[in-house]
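Here the protein sequences come in this chain order: A and B.
Under the working numbering, residues 16 to 213 are what the first sequence spells out, in order.
Under the working numbering, residues 70 to 537 are what the second sequence spells out, in order.
For each residue, glycine too, the CB sits at the ideal point set by N, CA and C.
In this text the structure is predicted, and so the values were computed from the model without any measurement.
Just below is one structure, and these are the notes that go with it.
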Amino acid sequence: MAYDKFTVLTSTAVPLPIENVDTDQIIPARFLKATERKGFGDNLFRDWRYNNDNSPKQDFVLNNPIYTGKILVGGTNFGSGSSREHAAWAIYDYGFRCVVSSFFADIFKGNAINVGILPVQVSEAFLDQIFKAIEADPATSITIDLAAQTIKLEATGAIESFAINGYKKHNLMNGFDDIDYLQAMKADIKAFAAVHGI
Amino acid sequence: MSNNPSTLFDKVWDAHVVRKIEDGPDVFFIDRHFIHEVTSPVAFLGLESRGIDVMFPECTFATADHNTPTINQHLPVEDPLSANQLQALERNSAKYGISHWGLGDPKNGIVHVVGPENGITLPGMTIVCGDSHTSTHGAFGAIAFGIGTSEVEMVLSSQCIMQPKPKKMRINVNGKLGKAVTPKDVTLYIIAQLTTAGATGYFVEYAGDVFENMSMEGRMTVCNMSIEMGARGGMIAPDETTFNYIHGREKAPKGAAWDKALAYWKTLKTDAGAGFDKEYNFDAADIEPMITYGTNPGMGMGISKHIPKATDLAGGVATYEKSLKYMGFEEDQLMLGKKVDYVFIGSCTNGRIEDFRAFASIVKGRKKADHITAWIVPGSHIVEAQIKEEGILDILTEAGFLLRQPGCSACLAMNDDKIPAGKYAVSTSNRNFEGRQGPGSRTLLASPYVAAAAAVTGVVTDPRDLLA
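Right under this line is the structure:
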């Protein structure tokens, strides 16, 4: 599925300073019943965001109009648990294009990139600076430059580099995906399979 | 030929690399692909929108499990969304020529139970599924791990995914396990030591005499939970226990093909002197029956212990306090004697015959506590049949328990098997996340023995006190 190319993003950010945010919190299993990739953003963080009667929980950050933007900033070990790509779909569908944390669970990280979300892993100290900057001024901007592989806090000018492999970076910057790549090397795969056996 | 010592993981991984991309992932060939109704429909839509076909349909196996009822499976599925997903799996499988074990099929069951029991899972293979507990199949010396739906589409269309090679970790557990200490306790103990993110970025090999002496069912329980400490997967070198389990199963190699396969499988072990990026050693004698008290599987402790104080732990105090508040627990509280409302035995973690034997060994001659609601859910129809053949059903019935039909059930509560808000469930499943077993549910992860002890006493009970 096509996604928007990712080059430079300057945006305000939504802080979620909770550790070990698992994919069951990002989207609970009972909302995985669709057979199409539509509308998952409505149920993003469903049980933290809404009461049982579907009224919004006022103390949850997504229900606080002060906090907006295309960047979600989470505590360490973001995206642990279930492999459900629905979690990445929900984050993308809600409008986020980047998730920042000091540590990501493996499967979530891969799923995020595959759907066009950039996971930016920063140091604990930098993550702390981000949370503090947003707390001081929810309108503060963060700039993420994928080509330069940097994340910058506009309020203080603090900047940090982040890692991403060259192949995935190229894909995100151009809106390419792995399936096209694999389709283009089908002959090689068939030749491999003939020797390896299936 | 290189004489460099290499690990089991390296041997299997390197045999499946179609292409290495510089500063990128490996193009990684997949031998066996399992699909289920929840994470596959969007992948099939992707194939349709791109106009591409399934490359090797004979390498993919479909089973319905996540979203199926566990009673009255002969009746139409009431929830229209669930029914729609089941129909989509059946339709997509038929369209592309993929084997499909739908609801009611005698081979149906939880994907990670039916793969091994039908001889699809074999040593040295690469195995993926859109489910994080695919790590289960590592028990056979396979590299097995969960993938997202985009990757399901990749495997369907090209039999490959793009995967960076993880780092290598070895976890050695040696010594003799104590009374009522099961493979589930071993894995909950390891996760409590490493934390829920302690193995992220690694692929784990489990080694040592505790695993060598473990049954295949037990090894599957351990490998299953690898993802709960962040590892993509875990594996155990195949041995006579593995070969004996596989031999004669429906899709296992036969005759000359068996001899050839066996010769290869016997080479699948870590050479002396091979290196790991990280290694841990644990003593079996330190492990007691385990139970979790918090909202991730790393928050576990010996059943006789007190809940740790926030100040005794590494990590954020606020997150820890949030977790205990959700569970309705206090720091330093004793778990023994805590009233339980529900008991769930089943899932890809503990839904195999050995688990039901363990459960029955404690409930035999006792009665279900009146206030307990118990959901006893076999992992497959084959397990269900074994439960009946071995007389376990009679023991359960006499004690006041009802046997349900196979499926993932209350492990993720996608179907109607939901623990109500605020209620405590002792579960043999794999995750105690907030709301995992139903909105507001409170999960205590444990072994089948601990589940049985709670089911008959109605409170958290040390199973060592009930076992003969």
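In whole angstroms, what separates the C-alpha of residue i from that of residue j?
i      : j      : result
I41/A  : S98/A  : 12 angstroms
D192/A : E357/B : 48 angstroms
Q73/A  : W63/A  : 10 angstroms
G476/B : S416/B : 7 angstroms
G369/B : I296/B : 15 angstroms
V182/B : L513/B : 23 angstroms
A490/B : R45/A  : 15 angstroms
D143/A : T256/B : 33 angstroms
T466/B : D148/B : 29 angstroms
L133/A : K234/B : 20 angstroms
A341/B : T497/B : 36 angstroms
A154/A : V412/B : 48 angstroms
M223/B : I99/B  : 10 angstroms
D278/B : N243/B : 5 angstroms
R239/B : S118/B : 43 angstroms
T205/B : Q402/B : 33 angstroms
G509/B : N58/A  : 16 angstroms
P447/B : A520/B : 15 angstroms
G212/A : P192/B : 14 angstroms
V197/B : D152/A : 45 angstroms
W327/B : M124/B : 26 angstroms
I179/B : A261/B : 26 angstroms
S219/B : I145/A : 31 angstroms
Can you tell me whether residue i is buried or exposed? The criterion is at least 16 other CB atoms within 10 Å of its CB, across all chains shown.
i      : result
D95/B  : buried
L87/A  : buried
H202/B : buried
G181/A : exposed
P43/A  : buried
I456/B : buried
N136/B : buried
H143/B : exposed
H101/A : buried
M70/B  : Confidence at M70/B is low in this model, with a pLDDT of 45, below 50, so its placement is unreliable and no value can be given for it.
K184/A : buried
G172/A : exposed
K487/B : buried
T336/B : exposed
Just reading off the alpha helix (DSSP H) that residue i is part of, what are its end residues?
i      : result
S118/B : P110 to R119
A163/B : P149 to Y165
Y196/A : D193 to A199
V81/B  : L77 to D83
H185/A : G181 to N189
V519/B : P517 to T526
V183/B : V180 to E186
Would you check whether the ligand NAP has a heavy atom nearer than 7 angstroms to the C-beta of residue i?
i      : result
S227/B : Absent from the structure shown: the ligand NAP. Ligands present: none.
What residue range does the beta strand (DSSP E) around residue i cover?
i      : result
H102/B : R101 to I104
I212/B : I212 to G215
T129/B : T129 to T132
F97/B  : D95 to F98
D89/B  : Note that residue 89/B is Lys in the sequence shown, not Asp. Note, K89/B: beta strand (DSSP E), V86 to K89.
F280/B : Run containing F280/B: none in the beta strand (DSSP E); it sits in the alpha helix (DSSP H), D278 to E281.
A468/B : Counting along the chain, A468/B falls outside any beta strand (DSSP E), and DSSP gives it neither H nor E.
P30/A  : A28 to L31
R500/B : That residue, R500/B, is in no beta strand (DSSP E); it is neither H nor E in DSSP.
T195/B : T195 to C198
Residues, ordered as in the chain, of the segment 257-272 of chain B that lie near chain A by beta-carbon distance below 7 angstroms = Per Cβ criterion, the list reads T265, A266, T269 and G270.
Which residues, in order along the segment 81-114 of chain B, keep a beta-carbon less than 8 angstroms from a beta-carbon of chain A?
-> A84, H85, V87, R88, I90, E91, D92, G93, P94, V96, F98, D100, V107, T108, P110, V111 and L114
Could you please tell me which residues of the segment 179-192 of chain A, in chain order, have their CB closer than 8 angstroms to any CB of chain B?
-> N180, G181, Y182, K183 and D192
Can you give, in chain order, each stretch of the alpha helix (DSSP H) that sits fully within the segment 283-348 of chain B and has at least 4 residues?
-> 285-293, 309-315 and 324-334
Kindly provide the ranges of any alpha helix (DSSP H) runs that are 4 or more residues long and lie completely inside the segment 38-108 of chain A, ordered along the chain.
-> 38-41 and 61-64
Runs of beta strand (DSSP E) lying entirely within the segment 411-457 of chain B, each at least 3 residues, in chain order | DSSP runs (the beta strand (DSSP E)) wholly in the segment 411-457 of chain B: 411-414 and 442-445.
When you check each C-beta in the segment 476-508 of chain B against every C-beta of chain A, which residues fall closer than 7 angstroms?
-> Cβ contacts with chain A: L481, A482, M483, R500, F502, E503, G504, R505 and P508.
Members of the segment 35-47 of chain A near chain B, C-beta cut-off 8 angstroms | N35, D37, D39, Q40, P43, A44, R45 and L47
Unbroken beta strand (DSSP E) runs of length 3 or more, entirely within the segment 221-254 of chain B: which are they?
-> 229-232 and 236-243
In the segment 350-411 of chain B, which residue ranges form an unbroken alpha helix (DSSP H) of at least 4 residues, counting only runs that do not cross its ends?
-> 386-396
Taking a cut of 9 angstroms between CB atoms, which residues from the segment 64-95 of chain A lie near chain B?
-> N67, G90, T91, N92 and S95
Sequence ranges, beta strand (DSSP E) only - wholly within the segment 112-178 of chain A, length at least 3 | 113-116, 133-136, 157-160, 165-168 and 174-176
Interfacial residues, the segment 193-221 of chain B to chain A, with Cβ spacing under 9 angstroms = Listed by position, the residues of the segment 193-221 of chain B near chain A (Cβ gap below 9 angstroms) are C198, G199, D200, S201, H202, T203, F214, G215, I216, G217, T218, S219, E220 and V221.
Short-range partners of chain A found in the segment 129-157 of chain B, where Cβ spacing is below 7 angstroms = N136, L150, S151, N153, Q154 and A157
Taking any Cβ of chain A, which residues in the segment 379-399 of chain B have a Cβ under 8 angstroms from it, in chain order?
-> Answer set for the segment 379-399 of chain B: G384, G385, A387, T388 and K391.
Check each residue of the segment 219-238 of chain B: if its Cβ is closer than 9 angstroms to any Cβ of chain A, include it; give the result in chain order.
-> S219, E220, V221, E222, M223, S226, S227, Q228, C229, I230, M231, Q232, P233 and P235
Which residues, in chain order, does the segment 124-137 of chain A contribute to contact with chain B at a C-beta distance below 8 angstroms?
-> Cβ contacts with chain B come from G125, N126, N129 and V130.
Near-chain A residues of the segment 298-326 of chain B (beta-carbon distance less than 8 angstroms), N- to C-terminal order = G299 and R301
Can you list, in chain order, the residues of the segment 356-381 of chain B whose Cβ is nearer than 7 angstroms to any Cβ on chain A?
-> In summary, the residues of the segment 356-381 of chain B whose CB is separated from some CB of chain A by less than 7 angstroms are N365, in the order they occur in the chain.
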